[in-house]
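Number of protein chains: 2
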Amino acid sequence: MIKLDDVARASGVSISTVSRALSEPERVAEPTRRRIYAAVRELGYRPNRAASLLRSGRTGSLGLLVPDLENPYFASLTKGVQARAQEAGMAVLVADSDENLRRETDLVGQLAQQTDGVLVASPRILDLDVAALDGTPSILINAEAPGLPSVSVDYADATMQAVAHLHALGHRRIAYAGGPAGSSADARRRDGLTQADERFSDVQIVDLGAFSPRVEGGEAAADLAVGSGATGIIAFNDLVAVGLLALLARRGIAVPDQLSVVGYDDILVSRLATPTLTTMRVDIRGVGEAAVQMFVDLTGRRPKTRADAADERRTMPTRLVVRESTAAPVQRG
Amino acid sequence: MIKLDDVARASGVSISTVSRALSEPERVAEPTRRRIYAAVRELGYRPNRAASLLRSGRTGSLGLLVPDLENPYFASLTKGVQARAQEAGMAVLVADSDENLRRETDLVGQLAQQTDGVLVASPRILDLDVAALDGTPSILINAEAPGLPSVSVDYADATMQAVAHLHALGHRRIAYAGGPAGSSADARRRDGLTQADERFSDVQIVDLGAFSPRVEGGEAAADLAVGSGATGIIAFNDLVAVGLLALLARRGIAVPDQLSVVGYDDILVSRLATPTLTTMRVDIRGVGEAAVQMFVDLTGRRPKTRADAADERRTMPTRLVVRESTAAPVQRG
DNA sequence: ATGAAAGCGCTAACAA
DNA sequence: TTGTTAGCGCTTTCAT
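Protein chains in written order, with the working numbering: chain Z, 1 to 333; chain W, 334 to 666.
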């Protein structure tokens, strides 16, 4: 293993100069710097992260907590985080809580301990013991908490748009198949529903309840949706929407003729489903990238500042993508 | 920050005893141990990973390199790795190479440097500069290289089963839409094709070429498949198969009546596609879990042994799942 | 602009 | 069974 000492010897300076040349190049004279860089390259020197961390308190890595890596939404988010972090020279430690609240708290603590900061993308985060973060700069994704910065998709507005779309098509009774109760993600959508209810006085919103944010959730919601008398359904996300489509097909209910379905996110399957799914598109990777960016901005290039910089909040827009699953309701009998 | 010293003071022993109680409990007397554990809990002591690493050379984390986190296959793999690693008390550092060979090599080097070992799930890995691993215990997933242990899905056998299935249905001309040229994953499938060609002397295999391992790849292969005169197509994976289904539908080609389609892996979309997809099911999470397990076994509970233990290889089975996309070929005219 | 030197918190000989 | 002690490789004052 090549260490600072070897580089120092090879370039005829002291190890502190080498260290400085690497972290604060401007503080080292041009010719010295050149010699040092040459030696570094020649010897193939790679700093020992552990040593550097031990001394500086930094880790060069970022933690990311997600509820389910197999959920395409979080896979994309992770991809975005990974990509941006890579650009910023940071490694990403991923933890999957499997939608389990207790594990979430544990994992956040563990991550906080071994990273410079943690991004928390987790539906139940509101209940999260913020103490677990233990002063580690953290950013919430799709959730808000006092004193913590966050990046969120504007799901309230998305919901507004979805209702407006259905309303324009002529739907007047619209059902909502919700996500995990108490999750911020679900709460934002319900806020949007409330706003829409006020704005479109001739629309009735029917609450179908809380469902698992996956395909099974949609399958569970399908019969309730049919029974509700609604002509349009807004599902918690595309996975739920696709589950809905699958079960409705099995029941012989025609989509969109008998029932229109709208999802959120525009994940891969939405384009592939039959019928193809109308959805509120989100740039999910962009959300991940934005979260890392915010972390970088907040902590500064040299994170020792640890600027918990108020609770900055960034909101990402969504866009309606109309496909086959929505149409004007067909008159009965 | 609570350190060993604090715990030592609180429990009236020396710091080495505390350290020992934590890492080799059996070497500390029962009552002492109890006192130490109590102090640890009370003070909320958390070991400083960096310090422990610096001294011991271990990191307590495992690297995982995948070509694309958004690909459901690798999302599941990552999930499996994460779950098993968590059980084993290790953190997972994920890196996404974006199917880029050069980046792959870079990332493997970076991961090797900051983890106890790296799991490489990478199609091009054969070209990988093994030197980048730099002695770090590594395990290949779906690839083999001399001297390196690996966990692979038995794609040759899977291919055999797929051909046998189509053959039994009466197909005699079968096309293969391949994956990344030169990838081990593709090579194994081609091995299976060769074996099948020998075993079923009345079957003709048509090679459609190499395609991107995603939906676009299938869309690109569709017209070639039609032109090939084959009645059955085996796609590199389910994503490709689904792309095939999508484009065939747009061309007005009936599946399975005019063309049967088989994929590999059984990812979520396969059950959701129209028609639902016949595929060779793989326990993908299981593959990830097995890789971590192998790492744990090979390095031993206390990794100092660093047993590169020959090139152990584990093979995972697949299972045919018949759905709607395959049927007997319909006679023409 | 550069160097000397003091540890960061922990582990692992070695001693007792 | 427990304690003492010497660093791991690096960053960072403080001198020069």
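We put the beta carbon where it would ideally sit given N, CA and C, even for glycine.
Item, Value
"May I ask which residues mark the beginning and end of the alpha helix (DSSP H) holding Gly560 (chain W)?", "Val548 to Gly560"
"Return the first residue and the last residue of the alpha helix (DSSP H) that Arg33 (chain Z) is part of.", "Glu30 to Leu43"
"What would DSSP say about Asp96 (chain Z), mapped onto helix, strand or coil?", "strand"
"Given this structure, state the Cα-to-Cα distance separating Pro636 (chain W) from Arg391 (chain W), to the nearest angstrom.", "Only weak support is given to the placement of Pro636 (chain W): the predicted model assigns it a pLDDT of 38, under 50, and the question is left unresolved by the model."
"Considering only the alpha carbon of each residue, which of W:Pro650, W:Glu657, W:Met334 and W:Ala661 lies closest to Gln494 (chain W)?", "W:Pro650"
"Considering Cα atoms alone, identify which of W:Leu610, W:Ile600, W:Asn475 and W:Ala553 is closest to Arg584 (chain W).", "W:Ala553"
"With distances taken from CA atoms, which of Z:Ser260, Z:Gln114 and Z:Gly178 is nearest Val322 (chain Z)?", "Z:Ser260"
"Mapping the DSSP letters down to three states, classify Val508 (chain W) as helix, strand or coil.", "Looking at the sequence provided, one finds Ala at residue 508 (chain W) rather than Val. If DSSP states are grouped into helix, strand and coil, Ala508 (chain W) belongs with the strands."
"For a contact defined as C-beta to C-beta under 8 Å, what are the partners of Ala83 (chain Z) on chain W?", "Asp429 and Asp431"
"Mark Gln443 (chain W) as exposed unless 16 or more other C-beta atoms lie within 10 angstroms of its C-beta, in which case mark it buried.", "buried"
"Between Met90 (chain Z) and the rest of its own chain, which residues show a CB-CB distance below 7 Å, the 5 nearest in sequence each way excluded?", "Gly60, Ser61 and Leu62"
"Would Val602 (chain W) and Val575 (chain W) qualify as a contact pair, given that the criterion is a beta-carbon distance under 8 Å?", "yes"
"Determine the direct distance from the alpha carbon of Ala587 (chain W) to that of Gly229 (chain Z), and round the result to whole angstroms.", "35 Å"
"Would you mind reading off the limits of the beta strand (DSSP E) that contains Ile141 (chain Z)?", "Ser138 to Ile141"
"Does Arg46 (chain Z) get closer than 8 Å to chain W when you measure Cβ to Cβ?", "yes"
"Along chain W, which residues have their Cβ under 7 Å away from the Cβ of Gln114 (chain Z)?", "Arg382 and Ala424"
"Any idea if Met627 (chain W) is buried or exposed, counting beta-carbon neighbours within 10 angstroms, 16 or more meaning buried?", "buried"
"By the criterion of Cβ-Cβ separation under 9 Å, what are the contact partners of Pro72 (chain Z) in chain W?", "Glu403, Pro405, Ala408 and Leu601"
"Taking any Cβ of chain Z, which residues in the segment 560–585 of chain W have a Cβ under 9 Å from it, in chain order?", "Leu572, Val575, Gly576, Leu578, Ala579 and Ala582"
"Since Tyr597 (chain W) sits in a beta bridge, which residues does DSSP pair it with?", "W:Met613"
"Quick one: grab the DSSP three-state call for Arg102 (chain Z).", "helix"
"Whose C-alpha, out of W:Ala661, W:Met334, W:Arg652 and W:Ile617, is nearest the C-alpha of Ser485 (chain W)?", "W:Ile617"
"Out of W:Val441, W:Asp401, W:Ala428 and W:Gly503, point me to the one whose CA is closest to Gln664 (chain W)'s CA.", "W:Gly503"
"Give the residues from the segment 53–64 of chain Z that approach chain W closer than 9 Å (Cβ to any Cβ), ordered along the chain.", "Leu53, Leu54, Arg55, Gly57, Thr59, Gly60, Ser61, Gly63 and Leu64"
"Examine chain W for any beta-carbon lying closer than 8 Å to the beta-carbon of Ala273 (chain Z), and answer yes or no.", "yes"
"For Gly209 (chain Z), which residues of its own chain have a beta-carbon under 8 Å away from its beta-carbon, when the five flanking residues on both sides are left out?", "Ala177, Gly178, Ala221 and Leu224"
"Closer than 8 Å, CB to CB, is Thr365 (chain W) near chain Z or not?", "no"
"Does DSSP put Ser152 (chain Z) in a helix, a strand or coil?", "strand"
"Run the CB neighbour count on Asp202 (chain Z), radius 10 Å, all protein chains shown included, and call it buried at 16 or more, exposed below.", "exposed"
"Is Thr78 (chain Z) close to chain W? Criterion is C-beta to C-beta, closer than 8 Å.", "yes"
"Could you please give the first and the last residue of the uninterrupted beta strand (DSSP E) stretch that includes Ala568 (chain W)?", "Gly565 to Ala568"
"Within 10 angstroms of its Cβ, does Thr607 (chain W) collect 16 or more other Cβ (buried), or is it exposed?", "buried"
"Which residue's Cα is closest to the Cα of Leu119 (chain Z): Z:Ala164, Z:Ser325, Z:Ala85 and Z:Leu4?", "Z:Ala85"
"Determine the direct distance from the alpha carbon of Asp5 (chain Z) to that of Ser389 (chain W), and round the result to whole angstroms.", "20 Å"
"Hey, out of Z:Ala290, Z:Thr326 and Z:Leu140, whose CA is closest to Asp311 (chain Z)'s CA?", "Z:Leu140"
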